[in-house]
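Note sheet for the following structure.
In this note's numbering, the protein residues as written are 24 to 134.
Spelled out as structure tokens, the structure:
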């Protein structure tokens, strides 16, 4: 099974991946120069990212000053907007001191 195949449906998975690439090319790429020009005076930079396995994508605005200071990942982020699939356990709580919940889990696709 390849990373982009939902439930083993190769054609659907490849079409979904092609749609994500098309969104990146047709929507993000045309606005990227304007977005960067607006962020430059604030010493920020924007990045588009794609989660193939989680079927999601997002936009991160990083602080260039924080990056120059050696911070990486979430420490350098000013804004993050993403949409991807994840699971939430909705079963009974684990006994203390363990955090979390028992299965079952529900699959969500939320920002």
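Don't be surprised by glycine CBs; every beta carbon is placed ideally from N, CA and C.
Exercise. Using the beta-carbon count (16 or more within 10 Å), is residue 125 buried or exposed?
Worked result: The residue you call residue 125 lines up with position 102 of the chain shown. Residue 125 should be labelled exposed.
For this session: Please classify residue 68: does DSSP put it in a helix, a strand, or coil?
Result: Residue numbering aside, residue 68 sits at position 45 when the chain shown is read from its first letter. Reduced to three states, the DSSP call for residue 68 is strand.
Exercise. Name the DSSP beta bridge partners of residue 100, please?
Worked result: Here residue 100 refers to the residue found at position 77 of the chain shown. Answer by DSSP bridge pairing, in chain order: 85.
Exercise. According to DSSP, what are the bridge partners of residue 110?
Worked result: For the purposes of this step, residue 110 is taken as the residue at position 87 of the chain shown. Its beta-bridge partners are 130.
Exercise. Among residues of its own chain, excluding the 5 on either side of residue 47, which ones have a beta-carbon nearer than 8 Å to its beta-carbon?
Worked result: Looking up residue 47 in the chain shown gives position 24. Closer than 8 Å at the Cβ level, and outside the excluded window around residue 47, lie 71, 73, 80.
Problem set entry | Expected contact under 8 Å - CB spacing of residue 130 and residue 108 to nearest Å | Here residue 130 is taken as the residue at index 107 of the chain shown, counted from 1. Here residue 108 is taken as the residue at index 85 of the chain shown, counted from 1. Contact flag correct, Cβ pair sits at about 6 Å.
For this session: May I ask you to report which of helix, strand or coil DSSP gives residue 117?
Result: Position 94 of the chain shown, counted from the first residue, corresponds to residue 117. Three-state result, residue 117: coil.
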